[in-house]
Every structure is written in C-alpha cells, then in structure tokens.
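Just so you know, my numbering puts 720 at position 363 of the sequence shown, and the rest follows in order with no gaps.
Scroll down for the structure; my scribbles are underneath it.
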Amino acid sequence: MNMPEQFDFVIVGGGTAGCVLADRLTENGRYSVLMLEAGGRDDGFWISIPAGFSKLLTGSAFNWRFQTEPEEATYQRRIVVPRGKGLGGSSLINGMIFVRGQKEDYDQWAQSGARGWSFDEVLPYFKKLENFEGGASDMRGSDGPMHVEHIKLRPELADAFIKAGVEAGYPHNPDYNGASQEGFGYYQVTQKKGRRWSAADAYLRRAEKRPNLAVRTGAHVTCLELEGRKVSGVTFTQDGKTCRVQARREVILAAGAVQSPQILELSGIGDPAHLTGVGIEIHHGLIGVGSNYRDHYCTRMNWRVTKPVTLNEQARGLRLMGAVAQYALTRSGILALGTGLAHAFVKTRPDLATPDVQFFFMHASYANAADRKLDTEPGMTIGVTQLRPDSTGTIHVQSPDPFAPPAIKPNFLSVPSDAATLIEGMKIARRVIAQPAMDPYRAYEMNPGDTVVTDAQWLEFARRNGQTIYHPVGTCAMGVGPRAVVDPDLRVHGLEGLRIADASIMPLMVSANTEAAVLMIAEKGSDLILRDARAAA
Ligand SMILES: Cc1cc2nc3c(=O)[nH]c(=O)nc-3n(C[C@H](O)[C@H](O)[C@H](O)COP(=O)(O)OP(=O)(O)OC[C@H]3O[C@@H](n4cnc5c(N)ncnc54)[C@H](O)[C@@H]3O)c2cc1C
358 MNMPEQFDFV IVGGGTAGCV LADRLTENGR YSVLMLEAGG RDDGFWISIP AGFSKLLTGS
418 AFNWRFQTEP EEATYQRRIV VPRGKGLGGS SLINGMIFVR GQKEDYDQWA QSGARGWSFD
478 EVLPYFKKLE NFEGGASDMR GSDGPMHVEH IKLRPELADA FIKAGVEAGY PHNPDYNGAS
538 QEGFGYYQVT QKKGRRWSAA DAYLRRAEKR PNLAVRTGAH VTCLELEGRK VSGVTFTQDG
598 KTCRVQARRE VILAAGAVQS PQILELSGIG DPAHLTGVGI EIHHGLIGVG SNYRDHYCTR
658 MNWRVTKPVT LNEQARGLRL MGAVAQYALT RSGILALGTG LAHAFVKTRP DLATPDVQFF
718 FMHASYANAA DRKLDTEPGM TIGVTQLRPD STGTIHVQSP DPFAPPAIKP NFLSVPSDAA
778 TLIEGMKIAR RVIAQPAMDP YRAYEMNPGD TVVTDAQWLE FARRNGQTIY HPVGTCAMGV
838 GPRAVVDPDL RVHGLEGLRI ADASIMPLMV SANTEAAVLM IAEKGSDLIL RDARAAA
C-alpha cells in the first residue's frame with residue numbers, strides 16, 4: 358500500500374480564511390503546506406465584475422446554495438444560504454462590503470472567554486490585512502494585501518438618502534471603520550480599481566508561487582483521521598478516488614461556519630446524543646459543535662421613485678450597453694457596484710452605547726430579492742438588519758453521508774428583543790425616507806406599504822419576507838466553557854493537532870458584514886500557529 362503524502366500543515370477549505378492561512382504559513386519557507394478545496398479554481402467570468410454578484414448568488418458554479426429547514430417563525434419558508442465554493446470561498450461571491458464591526462464586539466469576545474481577542478489585541482491584524490485607499494492612520498492600514506476602496510458611484514438618490522439621515526438627526530460618517538461606526542455614508546468595498554478583490558487575489562496568488570505550498574481543487578474532505586486524541590491527517594475524495602494525507606504538525610479546519618462543524622461531526626467529534634442519533638461513531642464528545650449558529654436576518658423595504666435615477670432603468674437596454682462600455686474602458690459605473698451603496702448604522706434606543714441596526718441602501722428595487730430581478734419602474738430599497746441578534750440556531754449532519762447537506766436551523770426572531778429591534782429599525786428607515794431631502798424622489802412605499810403601522814403588522818412583514826444576508830458564524834465557538842469548541846488559541850478542546858480558523862469560531866456575532874472579521878481571525882490564527890511551531894522546534 359502507498360504511504361500517504363505528508364505535509365507540515367493541512368488546511369481544509371481554500372476559502373477566505375484558507376487563503377490567508379496558506380499565505381502566512383508558507384511565508385517563511387520553513388513549513389510545507391497543503392490546502393484542500395472542494396470547489397474549483399476561481400476563473401468564472403462574473404467573479405471579477407462586481408455587478409456579477411447577482412449571477413454568482415443565484416448560480417451554482419461557485420455556490421453551495423444550502424437551504425434552511427422550514428421553521429414556524431419564518432412561515433415554513435426554506436431560505437437559501439449561499440456559501441462560496443472554489444478558491445477564495447465566500448469572498449469569491451460576496452457583496453464585497455467591508456465592515457470591521459465595533460470595538461465593543463471584540464471586547465465582549467474577550468470578556469466571554471476569548472482571551473487575547475479584545476479590540477486592542479485584534480486591531481493590529483485589521484491594520485495588517487488591509488490596503489485602505491484612504492491611507493494609514495492609528496485605526497487603518499495601507500500595506501496589507503486586501504485592497505479596500507471607497508465606492509466611487511455617487512448617484513443623486515444615494516446622496517439624498519445620506520442627507521435625509523442627517524436631517525433625521527444622525528451624523529454623516531465618511532469612515533465607519535474608523536473611530537466610530539455610527540451614522541450615514543457610502544460603503545467601503547474589497548475591490549481593486551473597480552474589480553472584486555477576493556481573498557484568493559489578495560493572498561493566494563503570491564503564496565502559490567512558493568514551492569512549499571500545494572493546492573488541490575476538487576478535493577472534498579470527508580473526515581479527519583484520529584489516532585487516539587491526536588488528529589493525524591484527513592481523508593478526501595478527488596476525481597472519484599479516496600485519498601489520505603498526513604499532517605506532521607496540524608490540520609487546520611477553514612471550511613466555514615456551515616462545513617467546519619459538518620466535518621467535525623462526520624469525524625465523530627460533536628454532541629454524543631446527536632451523533633448517536635444519526636449513526637456516527639463517537640470519537641470525541643464536544644457538545645457545542647454545531648450549536649450557537651448566528652446569522653443576520655434582513656428585511657427589505659422599498660419605495661417607488663418619481664424619476665429615472667435608479668438602477669432599475671439604467672441596467673437595461675441601451676443604457677446598459679453604455680454602462681458595459683464604461684466599465685470596459687474605465688472600470689467604473691454601475692457594473693463596479695456589488696450589493697451595497699450607501700450605509701447607515703443607527704441606534705434604535707437613545708440609551709444604547711453603540712448602533713444596533715444597519716441599513717443597506719440601493720438605488721434599485723427588486724420584486725423578489727431572492728431572484729435579484731430588477732423592477733422595471735424606478736425604485737429604491739433599504740435592507741434593515743439587526744447587528745447583534747441574540748437568536749441562536751443549530752447546524753447538524755443528518756446522516757453519515759459526507760455529501761449530504763447538513764440541517765440548518767437558524768431560529769431567526771426567536772428572541773423577542775430581536776423582533777423589537779428589527780421593528781424599530783424599519784420604523785427608523787421609514788422616518789428617514791420621510792425627510793425633506795427625499796421629497797423630490799419619494800413616490801410611495803411599496804413594501805411593506807403605509808398600511809403597516811402596528812408592531813404586529815411590522816413583525817408579520819418581517820417573518821414573511823426576511824432573508825439571511827449570508828453571515829452565518831459561531832458554530833464552533835471559541836471560549837472556555839463546556840459549549841466552547843476551540844480555545845483562545847483556536848485549538849479544538851481535548852484534541853491535539855487540530856485547530857479551526859474561520860467564521861465558525863466567532864463566539865458572538867460582530868456588528869458587521871463578516872468578511873473583515875474572518876480575515877482578521879485567519880491573520881491572528883496564523884500567528885498563533887507559527888508561534889507554537891517555533892516553540893515546538
Ligand atoms: C452571497 C454572500 C454575500 C456576502 N456578502 C458579504 C459582504 O458584502 N461583506 C462581508 O464582509 N461579508 C459578506 N459575506 C460573508 C463573508 O463572505 C463570509 O463570512 C466569509 O467569507 C466566510 O469565510 P470563511 O473562510 O469562514 O468561509 P468560506 O470563505 O466560505 O470558505 C470555506 C471554504 O471551504 C470549502 N469547503 C467546504 N467544505 C469543504 C470540504 N468538505 N472539503 C474541502 N473544502 C471544503 C468551501 O468550498 C469554501 O471554499 C457574504 C457571504 C455570501 C455567501
């Protein structure tokens with residue numbers, strides 16, 4: 358029998374965190390690293406064009422397209438849970454909005470048991486990872502591999518929305534990733550000169566030039582190999598064959614918040630009661646695996662607009678052809694736009710220390726947000742999301758079959774305070790659009806419509822129409838209690854040779870879209886791994 362190949366480190370998942378790890382762990386040339394990615398290479402036509410977001414969201418070439426289980430609180434709807442598939446992972450198909458979150462998020466991580474992850478301790482990694490167009494400061498970095506640009510498109514309708522926010526009493530905030538998050542302004546995006554800049558663009562291109570990195574695509578990891586309490590390697594399938602590979606030092610799971618807990622459970626690591634129920638032999642009991650699922654639930658309100666100043670008319674016919682030509686020549690215009698244009702971070706109650714609701718403003722409207730087909734008449738949309746929901750759900754395998762999708766139960770709106778915050782957020786959005794700056798543009802509210810006025814009606818609208826905005830986290834949470842899966846050094850509790858570094862380790866949701874936090878986790882995780890490797894030498 359052939360001996361399995363050996364590497365110092367084996368990274369499972371070539372996504373957002375995986376690309377960072379592959380780069381940082383090979384940088385000093387001392388360690389051999391293998392990265393296994395179930396999807397393919399990141400060479401799709403729509404990937405680099407920001408407006409390709411809709412195609413990537415609804416297509417399946419680079420998207421696992423999971424679904425939630427039907428749940429009563431959201432009227433038994435199966436909500437699509439897109440996840441990136443291919444080198445770059447979800448950074449390959451995401452909306453490119455770059456938000457770090459609030460200082461208090463990370464301070465709460467540290468207070469909850471994630472020692473070493475307070476804001477002051479993670480800020481150096483946020484600065485290290487970025488090349489911010491606005492330049493370096495005590496809060497921002499300009500030497501990192503991840504390009505962060507300002508949105509260049511400034512449509513008059515978005516300017517009016519920001520002005521309306523100021524009229525409603527909120528600050529204008531040109532850098533919500535700086536000292537304070539609160540206020541209205543334009544989003545920052547992970548783009549370079551108008552093109553998507555994924556984690557593969559930022560980290561993997563340069564890392565792949567090194568002889569000590571091997572990358573395998575189409576390599577679906579089916580389980581971890583254990584020798585007693587030590588994880589010694591992984592099994593994967595590629596081209597219909599089953600392969601094994603050994604890790605001399607460590608295996609690092611970076612398969613994301615949906616698939617890292619799935620791989621643990623398939624390997625017999627998880628809640629014994631659940632594993633026994635689905636016929637998987639228990640190798641290591643860890644009750645927290647797959648619990649603490651947190652995600653951002655978003656409702657979309659939209660308005661008919663009085664004049665043709667929106668994407669609805671600009672993205673069709675001759676005007677679209679003009680936009681294509683503009684993008685081809687200058688990498689600007691509506692094709693350089695992903696999902697978010699203008700933002701707001703607001704407090705729903707004056708006694709709050711920091712914002713608890715985020716708005717996504719687009720000068721566009723969709724009859725059905727899930728299929729992303731633009732309306733034909735002018736329209737605008739505000740997506741309203743609660744930043745730090747308390748509702749938690751679960752994700753668990755349903756059988757020992759490694760190719761079967763896991764059961765995702767987000768449990769959206771199960772905590773009454775989450776519903777109250779979302780309702781208040783929607784009322785604020787309506788108040789903002791009622792301001793004088795919007796008078797020339799506002800025709801009428803289409804959804805939910807001004808017949809919706811009581812809290813019960815607002816909640817009904819939210820339950821019937823809300824969607825995920827694709828930020829699942831927390832399913833292998835970092836901490837020290839019995840439900841924690843990894844310790845603050847990202848080592849899986851009770852096992853040797855296994856760490857997790859991806860969105861699944863967040864103990865609590867960050868007040869942000871989640872890519873920036875994942876990049877930070879992988880940067881800091883790489884430092885922790887290298888520190889321990891040096892100490893062991
Ligand atoms: C449609 C969409 C829009 C989003 N928009 C934004 C946004 O605008 N801004 C923002 O900040 N965040 C956004 N996010 C969230 C953000 O992109 C993710 O939180 C982040 O990229 C997750 O990184 P990760 O490394 O944890 O997982 P991923 O980047 O998803 O990487 C996991 C990788 O593991 C691979 N994998 C999984 N299972 C296996 C297996 N068994 N074997 C081998 N490989 C495997 C996957 O194919 C994937 O490549 C969005 C996400 C999506 C899906």
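Every residue, glycine too, gets a C-beta built ideally from N, C-alpha and C.
Local Cβ density within 10 Å of residue i, reported as buried at 16 or more and exposed below that
| i | result |
| --- | --- |
| F760 | exposed |
| G942 | Absent from the structure is residue 942, since the part of the chain shown begins at 358 and ends at 894. |
| A813 | exposed |
| L675 | exposed |
| E781 | buried |
| S774 | exposed |
| F402 | exposed |
| Y527 | buried |
| E529 | Here the sequence assigns His to residue 529, which means Glu is not the residue at that position. The residue in question, H529, is exposed, as its Cβ has fewer than 16 Cβ neighbours within 10 Å. |
| M866 | buried |
| N385 | exposed |
| R563 | exposed |
| L514 | buried |
| Q424 | exposed |
Cβ-heavy atom distance, residue i to ligand 1, below 8 Å
| i | result |
| --- | --- |
| T742 | no |
| L581 | no |
| G483 | Here residue 483 turns out to be Phe, not Gly, going by the sequence shown. Outside the cutoff, so no. |
| W466 | no |
| K442 | yes |
| N385 | no |
| T871 | yes |
| V479 | no |
| P439 | yes |
| Q755 | no |
| Q545 | no |
| T592 | no |
| Q683 | no |
| G427 | Note that residue 427 is Pro in the sequence shown here, rather than Gly. False, no ligand heavy atom lies under 8 Å from that Cβ. |
| Q459 | no |
| S417 | no |
| L414 | yes |
| V456 | yes |
| A860 | yes |
| W421 | yes |
| L570 | no |
| T696 | yes |
| S494 | no |
| G613 | yes |
| E319 | Any property of residue 319 remains undetermined from this structure, which presents the chain solely from 358 to 894. |
| H507 | no |
| I691 | no |
| V367 | no |
| Q715 | no |
| Q603 | no |
| Y827 | yes |
| P763 | no |
| I780 | no |
| S589 | no |
| T733 | no |
| P759 | yes |
Residue i Cβ short of 8 Å to ligand 2 heavy atom set
| i | result |
| --- | --- |
| M453 | Annotation note on ligand 2: not contained in the displayed structure, which lists ligand 1 as its ligands. |
Just checking, does the segment 463-483 make contact with the segment 839-856 on the three C-beta pairs under 8 Å criterion? yes
Does the structure place the segment 430-447 close enough to the segment 696-708 that three or more beta carbon pairs sit under 8 Å? no
Indicate whether the contact test is met: 3 or more Cβ pairs, each with one atom in the segment 554-567 and one in the segment 496-506, closer than 8 Å. Touching, per the Cβ criterion.
Please determine if the segment 706-722 and the segment 736-750 are in contact, where contact requires at least 3 C-beta pairs separated by less than 8 Å. yes
Is the segment 435-444 touching the segment 689-698, taking contact as three or more C-beta pairs under 8 Å? Judged by Cβ distances under 8 Å, the segment 435-444 makes no contact with the segment 689-698, as fewer than three pairs qualify.
So within the segment 724-792, which uninterrupted beta strand (DSSP E) runs reach at least 3 residues, ignoring any that extend past its ends? 736-743, 751-753 and 764-766
Touch test, the segment 386-397 against the segment 628-642, Cβ-Cβ under 8 Å, three pairs minimum: No, they do not touch.
Ordered list of beta strand (DSSP E) runs contained in the segment 476-542, each at least 3 residues: 487-489 and 503-507
Touching by the beta-carbon criterion (3+ pairs, under 8 Å), the segment 585-602 and the segment 645-658: no
Entirely within the segment 580-667 and at least 3 residues each: give me those beta strand (DSSP E) ranges in chain order. 587-595, 598-610 and 654-662
Is the segment 406-416 touching the segment 456-464 in the sense that three or more CB pairs, one from each, lie closer than 8 Å? no
Does the count of Cβ pairs from the segment 850-859 and the segment 804-823 closer than 8 Å reach three? Note that the segment 850-859 does not touch the segment 804-823; fewer than 3 beta-carbon pairs, one per stretch, sit closer than 8 Å.
Quick test of the definition: if touching needs 3 or more C-beta pairs under 8 Å, does the segment 856-864 touch the segment 617-628? yes
For the segment 366-382 and the segment 870-887, state whether three or more C-beta atom pairs, one from each stretch, are separated by less than 8 Å. yes
Check whether the segment 796-806 and the segment 739-758 are in contact - that is, three or more C-beta pairs closer than 8 Å. As far as the Cβ criterion goes, the segment 796-806 does not touch the segment 739-758, which means the pair count is below three.
Taking one C-beta from the segment 446-455 and one from the segment 545-555 each time, how about it: are there three or more such pairs within less than 8 Å? yes
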